[in-house]
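Top to bottom, those sequences are chains Y and C. Reminder that position 45 of the first sequence reads as 68 in our numbering, one-by-one numbering, no gaps. Reminder that position 155 of the second sequence reads as 323 in our numbering, one-by-one numbering, no gaps. Since the structure comes first, as structure tokens, the remarks are kept for the end.
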Amino acid sequence: MSEKVLMKGNEAIAEAAILAGCRHYFGYPITPQTEIAAYMAKKMPKIGGTFLQAESEIAAINMVYGVSSAGKRVMTSSSSPGVSLKGEGLSYLAGSDLPALIVNVQRGGPGLGGIQPSQSDYFQSTRGGGHGDYHMIVLAPSSVQEMAELTVKGFELADTYRMTSMILADGTMGQMMEPVSLDFDIKPQIEKPWATTGTKMEREHNIVNSLSLVPEELEMLNFKRYERYAEIEKNECMYEEYKCDDADIILVAFGIAARVSKNAVDAARAQGIKAGLIRPITLWPFPKAPFEKAVEHAKAFISVELSMGQMIEDVKLASSCKLPVYLCNRVGGMIPDPEMVFAKIKEIANGGAN
Amino acid sequence: MNYKRLTILCGHYGSGKTNIAVNMAFDLKNKYEKVSVADLDIVNPYFRTKDSEKDFEERGIKLICSQFASSNVDLPSMPTELYSITDEKDTHFVLDIGGDDRGALALGRLSDMIKSENDYEMLMVINKFRPLTPDADSTIEVMREIECACKIPFTGIINNSNLGEETTAQDVINSFEYAQEVSKKSKLPIVLTTVKHNIYEELIGKAENLLPLHLQSKLV
């Protein structure tokens, strides 16, 4: 009903962030996510917001820390090498229980790598990225519409649980253009009584800090944080199941790999092979429910990834290694095509895989 | 449309310049012997005319672009044969310029020569469905920024309003009022309405100067 606009994935993230009430963006340009910064540079000054191109990714993430301490919605975005630079700041945000949205539009790695799409920052994102015991909520969109919707969701979850959310996209998702409806529900922002907004002589000082020199206290902080993580694992898992009900072979894929995999499932079904797809939308928390269901009837999983096999470990854990899990992958900026994935399905259906 | 020797395509980022450049070059080749496409995009390393290199070769259209276009080398650079645009007076060119004022900056270095030869159309590609140019005023703001950057005033407008693969004939019709307002406020004619080839037939008679587009696309 509402009018659609034609957007790049990167632009959809930027616009959705603004709609979600984010008025502070700090970043440093890197392909393939530069459109986020470019969009913010155009739009923020017109709506009384702040766009600031920092001198580095490290500076940008520390600016995020500052604004978040003051209780405002804030974000930064980068691509793989730039996110590595932000690692220290991500850990400090976690240690200070600060909400923020981080966007990683992944490119091929390791090192400077290339500028074509990749999903090889899965470990880095789902295991935290920086030092210390912590998690980020990791959201994996697989359409431009979801780039927008999960951005809003990311801010809401971050505020609710006082932690960072990450949009884990890839170069394809960032660059592709699709029609988007921006007419979605945005909840009012919650109060942040912990924010450093000035006491007005009416309350005790709020302190935002990740330094904790008393080991007993630091241990308690970690325990408390992990109680919150357990809540999130219980309440916030998101996933999509596609033709899983009677499936023998179930593909597991997120982001661009899920789009490819859907085509492969349809191709397999057309030839009478019962294939299905589990698409995790939250990569942390990783959704276990669909796997617990699938192991009851399926014969094998295939993890389809743009990495050397990272999510495959979570697939094995979620299914308690009850079924064989195979890998179908391309790396370095290459994308598996539906034919390649279909060939893998056929190979396993015919019992030929090892 | 009646082509001048140089057809320059500028516009907002993602408005569809490259697709139009490719299709326009094919159209030009039906009318003229020597046709070249010059890709002067210094902003975007993806979605370049270079992706259509084979189609150009088959048709005998020459492509002038940075040797780093569509490669993994993310380097803003100009083609080595840049000055053939103004030197080879027997060739018709389509100039595909990078998006926004940042992209148009690259054209500035040729502006004196282009203006003194005075055989060009400087066309603004517009798309009502792009989020930063939804109305006439925001579109004209981008036009003025581009003109300031490249120092060549626009001579016409191409209405390329679309929603990508999903575009319907009705979407195009819904953009007419917007395009006319841009035209009125900028005092420039709408020289082309470009539409996806599968809705071209439906729109014949409804818009003047229709050009069907075959989309170049390299993604799943």
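Don't be surprised by glycine CBs; every beta carbon is placed ideally from N, CA and C.
Would you list the residues sitting across from L331 (chain C) in a DSSP beta bridge?
Residue 331 (chain C) sits at position 163 when you count from the first residue of the second sequence. DSSP output for L331 (chain C) lists C:E333 as bridge partner(s).
What does P202 (chain Y) reach in chain C if we use C-beta pairs closer than 7 Å?
Numbered from its first residue, the first sequence carries residue 202 (chain Y) at position 179. Ordered by position in chain C, the residues that pass the 7 Å Cβ test against P202 (chain Y) are L331, G332 and E334.
Would you kindly work out how many angstroms separate the C-alpha atoms of V363 (chain C) and A347 (chain C), rounded to a whole number?
Residue mapping note: residue 363 (chain C) aligns to position 195 of the second sequence, counting from 1. Residue mapping note: residue 347 (chain C) aligns to position 179 of the second sequence, counting from 1. Taking the straight line from one Cα to the other gives about 14 Å.
CB A317 (chain C) to CB A272 (chain C), shorter than 8 Å?
Within the second sequence, numbered from 1, the residue matching residue 317 (chain C) stands at position 149. Within the second sequence, numbered from 1, the residue matching residue 272 (chain C) stands at position 104. It is a contact, given that the beta carbons lie within the stated cut-off.
Apart from the five residues on each side of it in sequence, which residues of its chain come closer than 8 Å, Cβ to Cβ, to N377 (chain C)?
Stepping through the second sequence from its first residue, residue 377 (chain C) is reached at position 209. Answer for N377 (chain C): M169, I358, V359, L360 and T361, listed in chain order.
For I367 (chain C) and Q198 (chain Y), what's the separation of their Cα atoms in angstroms?
Along the second sequence, read from residue 1 onward, the residue named residue 367 (chain C) stands at position 199. Along the first sequence, read from residue 1 onward, the residue named residue 198 (chain Y) stands at position 175. So the alpha carbons of these two residues sit roughly 25 Å apart.
Flag this pair as yes or no: are the beta carbons of L346 (chain Y) and K322 (chain Y) separated by less than 8 Å?
Residue numbering aside, residue 346 (chain Y) sits at position 323 when the first sequence is read from its first letter. Residue numbering aside, residue 322 (chain Y) sits at position 299 when the first sequence is read from its first letter. Going by C-beta atoms, L346 (chain Y) is nearer than 8 Å to K322 (chain Y).
Return the CA-CA distance between N33 (chain Y) and S165 (chain Y), expressed in angstroms with no decimal places.
Position 10 of the first sequence, counted from the start, is the residue given in the question as residue 33 (chain Y). Position 142 of the first sequence, counted from the start, is the residue given in the question as residue 165 (chain Y). Those two C-alpha atoms are separated by around 13 Å.
Length-filtered (3 minimum) beta strand (DSSP E) runs lying within the region 273 to 326 of chain Y
298 to 303 and 305 to 307
Which residues, in order along the region 234 to 266 of chain Y, keep a beta-carbon less than 8 Å from a beta-carbon of chain C?
none
Cutoff 8 Å: E34 (chain Y) Cβ touching any chain C Cβ
One-based indexing of the first sequence puts residue 34 (chain Y) at position 11. Judged by the 8 Å Cβ criterion, E34 (chain Y) is in contact with chain C.
Which same chain residues, not among the five before or five after D339 (chain C), have their C-beta less than 8 Å away from its C-beta?
The residue given as residue 339 (chain C) occupies position 171 in the second sequence. Within the same chain, D339 (chain C) has close Cβ partners F297, S329, N330 and L331.
Compare the C-beta of F236 (chain C) with all C-beta atoms of chain Y and state if any pair is closer than 8 Å.
The count along the second sequence starts at 1 and reaches residue 236 (chain C) at position 68. Closer than 8 Å: no.
First and last residue of the uninterrupted alpha helix (DSSP H) at H365 (chain C):
Position 197 of the second sequence, counted from the start, is the residue given in the question as residue 365 (chain C). Counting along the chain, the alpha helix (DSSP H) containing H365 (chain C) begins and ends at H365 to L371.
Closest Cα partner of V364 (chain Y) within the set Y:S343, Y:A280 and Y:K297:
Along the first sequence, read from residue 1 onward, the residue named residue 364 (chain Y) stands at position 341. Here the closest residue by C-alpha is Y:A280.
So, at 6 Å on beta carbons, what are the nonlocal neighbours of M159 (chain Y) in its own chain, with the 5 sequence-adjacent residues on each side left out?
Position 136 of the first sequence, counting from 1, holds the residue named residue 159 (chain Y). Contacts found: T187 and M189.
Coil, strand or helix - D193 (chain Y) by DSSP:
Within the first sequence, the letter at position 170 stands for residue 193 (chain Y). The answer is strand: DSSP assigns D193 (chain Y) an E or B state.
With C-beta atoms as the reference, is I265 (chain C) less than 8 Å away from L379 (chain C)?
Taking the first residue of the second sequence as 1, we reach residue 265 (chain C) at position 97. Taking the first residue of the second sequence as 1, we reach residue 379 (chain C) at position 211. Cβ distance not < 8 Å, so I265 (chain C) and L379 (chain C) don't count as in contact.
Within chain Y, the residues that L300 (chain C) reaches when beta carbons sit closer than 7 Å
Residue mapping note: residue 300 (chain C) aligns to position 132 of the second sequence, counting from 1. The contacting residues are K65.
Check whether the Cβ of F297 (chain C) lies closer than 8 Å to any Cβ atom in chain Y.
The sequence position of residue 297 (chain C) within the second sequence is 129, counting from 1. For F297 (chain C), the answer is yes, since a Cβ of chain Y falls inside 8 Å of its Cβ.
Just to make sure I have the definition right: I need the residues of chain C whose C-beta is within less than 7 Å of the C-beta of G137 (chain Y). Which are they?
Looking up residue 137 (chain Y) in the first sequence gives position 114. Those within 7 Å of G137 (chain Y) in chain C are N240.
Quick check on the DSSP output: the alpha helix (DSSP H) that includes Y88 (chain Y) runs from which residue to which?
For this step, residue 88 (chain Y) is matched to residue 65 along the first sequence. Its alpha helix (DSSP H) spans residues E80 to S92.
Using a Cβ-Cβ cut-off of less than 9 Å, list which residues of the region 184 to 201 of chain Y approach chain C; keep chain order.
G194, T195, Q198, M199, M200 and E201
Measuring only between beta-carbons, confirm whether Y346 (chain C) sits less than 8 Å from chain Y.
By 1-based counting over the second sequence, the position of residue 346 (chain C) is 178. No, Y346 (chain C) does not count as interfacial toward chain Y.
How close, in whole Å, do the beta carbons of S100 (chain Y) and V126 (chain Y) come, if the pair is a contact with beta carbons under 8 Å?
Residue 100 (chain Y) sits at position 77 when you count from the first residue of the first sequence. Residue 126 (chain Y) sits at position 103 when you count from the first residue of the first sequence. Yes, they are in contact, since the Cβ atoms of S100 (chain Y) and V126 (chain Y) sit about 4 Å apart, within 8 Å.
Distance cutoff 8 Å, beta carbons only. Does V364 (chain Y) sit that close to anything in chain C?
The residue you call residue 364 (chain Y) lines up with position 341 of the first sequence. False, the Cβ-Cβ gap to chain C never drops below 8 Å.
How about G182 (chain C): is its C-beta nearer than 8 Å to some C-beta of chain Y?
For the purposes of this step, residue 182 (chain C) is identified with residue 14 of the second sequence, where counting begins at 1. Yes, G182 (chain C) lies at the interface with chain Y (some Cβ there is under 8 Å from its Cβ).
Have a look at the DSSP bridge pairing and note the partners of A375 (chain C).
One-based indexing of the second sequence puts residue 375 (chain C) at position 207. Partner(s): C:I372.
Contact belief for V175 (chain Y) with F207 (chain Y) at Cβ below 8 Å, rounded distance in angstroms
As a working mapping, residue 175 (chain Y) is identified with position 152 in the first sequence. As a working mapping, residue 207 (chain Y) is identified with position 184 in the first sequence. Their Cβ separation, rounded to whole angstroms, is 7 Å, which keeps V175 (chain Y) and F207 (chain Y) in contact under 8 Å.
DSSP three-state assignment for G179 (chain C), whether helix, strand or coil:
Residue numbering aside, residue 179 (chain C) sits at position 11 when the second sequence is read from its first letter. Note: G179 (chain C) maps to strand in three-state DSSP.
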